[in-house]
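2 protein chains.
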Amino acid sequence: MKIITISREFGSGGRELGKRLADELGFAYYDKEITSQIAKEVEMDEEYVEHMLSKGIPHRFGITYASSFGYPTYTQFDTTKLLVAQQKILKQVARDGNCVIVGQCASVLLKDLNPLNIFVYASMESKIKRCIMRANNKDELDEKTVKKMIKDIDKSRVKQHDLHSDTKWGDKTGYHLCINTTDVEIKNIVPSVAQYAKEWFNK
Amino acid sequence: MKIITISREFGSGGRELGKRLADELGFAYYDKEITSQIAKEVEMDEEYVEHMLSKGIPHRFGITYASSFGYPTYTQFDTTKLLVAQQKILKQVARDGNCVIVGQCASVLLKDLNPLNIFVYASMESKIKRCIMRANNKDELDEKTVKKMIKDIDKSRVKQHDLHSDTKWGDKTGYHLCINTTDVEIKNIVPSVAQYAKEWFNK
């Protein structure tokens, strides 16, 4: 089974790259669908699951810690249950056939299945530009707000990653290919990245 | 003019990738030739030039500092002269036509010419394996010696890079594409990297 995982900085166009890559290769594409499946698996509300996974609260932090820092009072049981379900669902979709998975710490959680791990990043300036360009409410967005949003979301991704791995999120040693999308039109680089993936799987 | 710079960890196969990439694209290839040209330019011995550039002694360190740490007593004048010559020669070859340049801090020194900057890296285990495989004296090499050599050479590259740049050597933000060659046969990934370069220059 050929699995490509995409980890990405917010605003770098990583999701677009993942989607287009899946189309180009004829692979299945998974992104938010995984969260829905996890929610079903654990019989919890999808939004709650997404919030918990994205906040990445380490399960060694109990109720007291969480409350004192203003987090909702997740139980240790909920968090553990979710992480187990996340891994289970990821392995299920990976078994279903060749796929591209965006996010979900898939590079770490599916390590045993030898995925091709891609990290997508860009300069802050370029990420801000991309975020504003694709927003529906362009007029209400200013650069400062967008920059804060990018930083906050990536901080959540670091936390989520830290739950599962000793390597640092975004450290190139944890990935097979790191792509800087600053000033790059995503659709223009898809053919070569798809070609790289084919060559890599035949390595 | 299309310029590709290759920075690489020792033993990662970066030079091989650079050479094959130049062949695939029909670009000129520069590596040690640059050092020869610098030596001619400054009328110094080639080996001396290579040693000085690779050791990367910051020119703010005068003769006293160099002596007290056991370095040959480079003069501040020599170092400055060399760095000026390095930049001059790099710009000359870049002006001559499309090219791939391996090493020489070209990613930093040719920044104004908008090169495609590639960083090539691999796990220590893979680098040791590659070094031993390509050595003529395989039988005399043990892993410990090779590991020390890799670390020493990369330390020199960090020093050389630090002469020119505030960004860290190997930090992905300084490059457009970072390629992990662990368990990868270099020649197998050349077509897609060449394709990426074409798409990137048309970005």
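Residue numbers (the numbering used here), protein chains in the order written: chain R, 1 to 203; chain W, 1 to 203. Every residue gets a Cβ at the ideal spot worked out from N, C-alpha and C, and that includes glycine.
Can you pull the chain R neighbours of residue i, defined as C-beta to C-beta under 9 Å?
{"i": "V184 (chain W)", "result": "H176, E199, W200, K203"}
{"i": "I179 (chain W)", "result": "H176, L177, C178, Y196"}
List the residues of chain W whose Cβ lies closer than 9 Å to the Cβ of residue i, in chain order.
{"i": "K32 (chain R)", "result": "The contacting residues do not exist; K32 (chain R) stays about 27 Å from chain W at best."}
Should residue i go down as buried or exposed, given a rule of 16 or more other Cβ atoms within 10 Å for buried?
{"i": "A85 (chain W)", "result": "buried"}
{"i": "D154 (chain R)", "result": "buried"}
{"i": "V184 (chain R)", "result": "buried"}
{"i": "T80 (chain R)", "result": "exposed"}
{"i": "K203 (chain R)", "result": "exposed"}
{"i": "S107 (chain W)", "result": "buried"}
{"i": "Q37 (chain W)", "result": "buried"}
{"i": "G174 (chain W)", "result": "buried"}
{"i": "V158 (chain W)", "result": "exposed"}
{"i": "G62 (chain W)", "result": "Its pLDDT being 40, under 50, G62 (chain W) is placed unreliably in this model, and the value from its coordinates should be taken loosely. Exposed, by the Cβ-count rule."}
{"i": "G14 (chain R)", "result": "buried"}
{"i": "K170 (chain R)", "result": "First, the amino acid is wrong: residue 170 (chain R) is Gly here, not Lys. That one is buried."}
Can you grab the Cα-Cα spacing for the pair residue i / residue j, in whole Å?
{"i": "D112 (chain R)", "j": "D31 (chain R)", "result": "20 Å"}
{"i": "A66 (chain R)", "j": "S156 (chain R)", "result": "Since pLDDT at A66 (chain R) reaches only 45, below the 50 mark, its modelled position is unreliable, and no value is offered."}
{"i": "V102 (chain W)", "j": "S123 (chain W)", "result": "20 Å"}
{"i": "E50 (chain R)", "j": "P115 (chain W)", "result": "40 Å"}
{"i": "I150 (chain W)", "j": "V120 (chain W)", "result": "14 Å"}
{"i": "H164 (chain R)", "j": "A94 (chain W)", "result": "45 Å"}
{"i": "R8 (chain R)", "j": "A28 (chain R)", "result": "19 Å"}
{"i": "L141 (chain R)", "j": "E16 (chain R)", "result": "21 Å"}
{"i": "P58 (chain R)", "j": "D166 (chain R)", "result": "Reliability of the predicted coordinates at P58 (chain R) is poor, the pLDDT of 47 falling under 50, and the value obtained from them is presented with this limitation in mind. For P58 (chain R) and D166 (chain R), the distance between alpha carbons rounds to 13 Å."}
{"i": "I179 (chain W)", "j": "I118 (chain W)", "result": "7 Å"}
{"i": "W200 (chain R)", "j": "E43 (chain W)", "result": "45 Å"}
{"i": "Y48 (chain R)", "j": "I34 (chain R)", "result": "14 Å"}
{"i": "I89 (chain R)", "j": "M1 (chain R)", "result": "16 Å"}
{"i": "I189 (chain R)", "j": "D139 (chain W)", "result": "44 Å"}
{"i": "I128 (chain W)", "j": "N137 (chain W)", "result": "14 Å"}
{"i": "I6 (chain R)", "j": "V193 (chain R)", "result": "12 Å"}
{"i": "K91 (chain R)", "j": "G97 (chain R)", "result": "11 Å"}
{"i": "K187 (chain R)", "j": "D152 (chain W)", "result": "41 Å"}
{"i": "D45 (chain R)", "j": "A22 (chain W)", "result": "54 Å"}
{"i": "E143 (chain R)", "j": "K148 (chain W)", "result": "47 Å"}
For a contact meaning CB atoms closer than 7 Å, what does residue i contact in chain R?
{"i": "S192 (chain W)", "result": "S192, Q195, Y196, E199"}
{"i": "Y121 (chain W)", "result": "K172"}
Closest to residue i by CA distance: which of the options is it?
{"i": "G11 (chain W)", "options": "W:A135, W:K203, W:D139", "result": "W:A135"}
{"i": "Y196 (chain R)", "options": "R:K187, R:N180, R:H176", "result": "R:H176"}
{"i": "L25 (chain W)", "options": "W:K203, W:G14, W:P191", "result": "W:P191"}
{"i": "Q160 (chain W)", "options": "W:T181, W:E47, W:C105", "result": "W:C105"}
{"i": "T181 (chain R)", "options": "R:L83, R:F201, R:E125, R:L82", "result": "R:E125"}
{"i": "R20 (chain R)", "options": "R:I4, R:D78, R:E143", "result": "R:I4"}
{"i": "Q87 (chain W)", "options": "W:I128, W:L53, W:K2", "result": "W:L53"}
{"i": "C99 (chain R)", "options": "R:G13, R:G18, R:I189, R:A39", "result": "R:G18"}
{"i": "A39 (chain R)", "options": "R:I186, R:L82, R:K144", "result": "R:L82"}
{"i": "E41 (chain R)", "options": "R:I186, R:D78, R:K147", "result": "R:D78"}
{"i": "D162 (chain W)", "options": "W:K187, W:L109, W:M133", "result": "W:L109"}
Kindly indicate the opening and closing residues of the beta strand (DSSP E) around residue i.
{"i": "A28 (chain R)", "result": "28-30"}
{"i": "L116 (chain R)", "result": "116-121"}
Could you give the residue range of the alpha helix (DSSP H) that holds residue i?
{"i": "Y196 (chain R)", "result": "186-201"}
{"i": "T145 (chain R)", "result": "143-164"}
{"i": "S287 (chain R)", "result": "Past the edges of chain R, shown from 1 to 203, lies residue 287 (chain R), and the structure says nothing about it."}
{"i": "S126 (chain W)", "result": "124-134"}
{"i": "P177 (chain W)", "result": "According to the sequence as given, residue 177 (chain W) is Leu; it is not Pro. Here L177 (chain W) belongs to no alpha helix (DSSP H); instead the beta strand (DSSP E) covers 177-180."}
{"i": "D96 (chain R)", "result": "No alpha helix (DSSP H) holds D96 (chain R); DSSP gives it neither H nor E."}
{"i": "K172 (chain W)", "result": "Counting along the chain, K172 (chain W) falls outside any alpha helix (DSSP H), and DSSP gives it neither H nor E."}
{"i": "K19 (chain R)", "result": "14-25"}
Anything in chain W within Cβ reach of residue i, meaning under 8 Å, just list it in chain order.
{"i": "I189 (chain R)", "result": "Y196, E199, W200, K203"}
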